[in-house]
Structure formats: C-alpha cells, structure tokens
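K.L.:
Residue numbers (this note's numbering), protein chains in the order written: chain V, 1 to 112; chain B, 113 to 224. Even glycine gets a Cβ: it sits at the ideal position worked out from N, Cα and C. Bear in mind that the values here come from a model prediction, so they are computed numbers and not experimental data.
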DNA sequence: CTCGTTCATTCCTTGACGGGAATATAACTG
DNA sequence: CAGTTATATTCCCGTCAAGGAATGAACGAG
C-alpha cells in the first residue's frame, strides 16, 4: 500500500528531480520550483505527493516550508530490488547467451 | 528516456507482479494472465510495456510466446538508488535529530 | 484447407494525473 | 489593522493509461 505510493511518487520525472535536488540539502518550495522549473502550485502538489509517500519532511520556518529529503522509504525500493540484484550479477552473460542463441553480427564476436 | 520507460513500467502493481512472477522462471502469456489474475488482452498489453522497457524478452515457441525476465534494466534502478543508499545508512538518526533542531528543550524530547 | 489454440491489437469508455490560473490561507511587517 | 510574502488548495481542462469486449493474426494439427 505504502509501497504503491512510493512507486507512484517516483514514477514522475519531475518528482525524481525534486528528490535529487533535495539530496543536496533542504530547500523551500520556491527554491524547488525555480530549480526544477515548476510553477509554484505544481511544486506544491508534487511535494504533497512526495510527502504522502514519506519521502519528504517539512519544517515550517516563518512563512516558508523547508522541505527535507527522507531517504528511509527508499530502503523499500532497495529491498524490492534485492531479489533481482543477484540476477544481473550472477547470470548476465549466461542469460544473454541463452536468450540470443543466434549469430550476432553487430560487432566482433566475443570470446566464448 | 529509457529510464522513464523503466519507471513507468514498474509503477504499475500488476506489472511488478508479472516481473516478480517471471523471477521464478519463464512463462507463457496465458500462465502469466492466470497467475496474476489478468485478462489475456491485459496481460499482453502489460507485457508489451515491460518488453519496451527492456525488462522482458520473448521467445516464440509454436503458438506460445514464452516470456523471460531480463533483470539488466534494473541495474539502472540500482544506480539511481546508489546516491541515496548511503544516506539511510549513514545519517538516519542524525537526520532525525537535525529535522527537529529547535532549541526548545535541550534534551531528548521524544514527544511526538 | 479448415479448425482450434494462443496471443496481439483495436475500439471504446472511464478514471486518474498533470498543468495553469485564480483564489484561499498563514505568517511576518509596519 | 492593512499589506506583503510564501505556500496550499481549488477549479477546469487536456492527456494519457488501464480495463473489457471483440476482432485479427500466426501457428500447428488433422
């Protein structure tokens, strides 16, 4: 459930950009909107989605809302990725060989 | 660009289920539809998205299309995750402390 | 060649999402 | 209190993705 919100939040490129920006430090909504080339309402809405996904925390400072990245939910992504991580390490070449068992003419034939 | 297709493909829970299923071995469209409780056209369409994201390969075997997971694109996810991975390990508690850096009561104030 | 199987594709409808403009809200300033 | 700044929210609209039903296409069996 929360997983779904996380994936949905990260599905949007703008929101990934915001997350990446926040990785460099906390920012106000205005700064985020400027840096990511978003309108202010758009920035607010995207931040709301990120907030509801748990990826972002807000600290109210006078009139501004300083947003901080919370990387914790990304651990869920990491966990999701875990079962696959062994795959592309352990059998990438074997898999490629098996999948494409026809002569590939797009380059020098790799040594067996 | 290809990154966008990857995120978009994985954003859908059904497609994540298909990917998880394929982790257990290659399957035909019918098997996938049955296991993931999808209609046949829906399964075909989801598989097309996964194929276009590079997550799935097809091997035609008589009338059936046997689909195989290709975990390689997931390495991009892993790469994307890399800069954040250090964060939730290195400064999870420090971040929590910094988030509430109000000099209200100079002590552990675990009220919320 | 006809039929049955397996899958892909199209058409259509519906619902969710994103963007922009305008407006509301909250907090500081004087 | 009025005014300004910073942000949130609402409304409207265009777009896009997903689901289902029906149809089309490829292949093998007889």
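Taking the alpha carbon of residue 54 of chain V as the point to measure from, which residue in V:73, V:67 and V:40 has its own alpha carbon closest?
P.N.:
Taking the first residue of the first chain as 1, we reach residue 54 of chain V at position 54. The option with the nearest alpha carbon to residue 54 of chain V is V:73.
K.L.:
Would a check of beta-carbon distances place residue 116 of chain B closer than 8 angstroms to chain V?
P.N.:
Residue 116 of chain B sits at position 4 when you count from the first residue of the second chain. True, the Cβ-Cβ gap to chain V drops below 8 angstroms.
K.L.:
Between the C-alpha atoms of residue 110 of chain V and residue 164 of chain B, what's the straight-line distance to the nearest angstrom?
P.N.:
Position 110 of the first chain holds residue 110 of chain V. Position 52 of the second chain holds residue 164 of chain B. Because residue 110 of chain V carries a pLDDT of 37, less than 50, the predicted location of this residue cannot be relied on, and the following value inherits that uncertainty. One C-alpha to the other measures close to 26 angstroms.
K.L.:
Within the same chain, show all residues whose beta-carbon is closer than 6 angstroms to that of residue 145 of chain B, passing over the 5 residues directly before and after it, in chain order.
P.N.:
For the purposes of this step, residue 145 of chain B is taken as residue 33 along the second chain, with counting starting at 1. Hits under 6 angstroms: 152 and 155.
K.L.:
With a cut-off of 8 angstroms, do at least 3 Cβ pairs link the region 136-150 of chain B to the region 182-201 of chain B?
P.N.:
Short answer: they don't touch.
K.L.:
Which bits of chain B does residue 79 of chain V rub up against, with CB to CB less than 8 angstroms?
P.N.:
Numbered from 1 along the first chain, position 79 holds the residue referred to as residue 79 of chain V. Ordered by position in chain B, no residue passes the 8 angstroms Cβ test against residue 79 of chain V, which lies about 11 angstroms from the chain.
K.L.:
Give me, in chain order, the residues of the same chain whose beta-carbon lies closer than 8 angstroms to that of residue 123 of chain V; leave out the 5 immediate sequence neighbours on both sides.
P.N.:
Past the boundaries of the shown model lies residue 123 of chain V; chain V is included only from 1 to 112, so the question cannot be answered.
K.L.:
Using C-beta distances below 6 angstroms, list every residue in its chain close to residue 58 of chain V, excluding the 5 sequence neighbours before and after it, in chain order.
P.N.:
Taking the first residue of the first chain as 1, we reach residue 58 of chain V at position 58. Hits under 6 angstroms: 65 and 67.
K.L.:
Which term fits residue 135 of chain B, buried or exposed, when burial requires 16 or more other beta carbons within 10 angstroms of its beta carbon?
P.N.:
Position 23 of the second chain, counting from 1, holds the residue named residue 135 of chain B. Looking at its Cβ environment, which holds fewer than 16 other Cβ atoms inside 10 Å, residue 135 of chain B is exposed.
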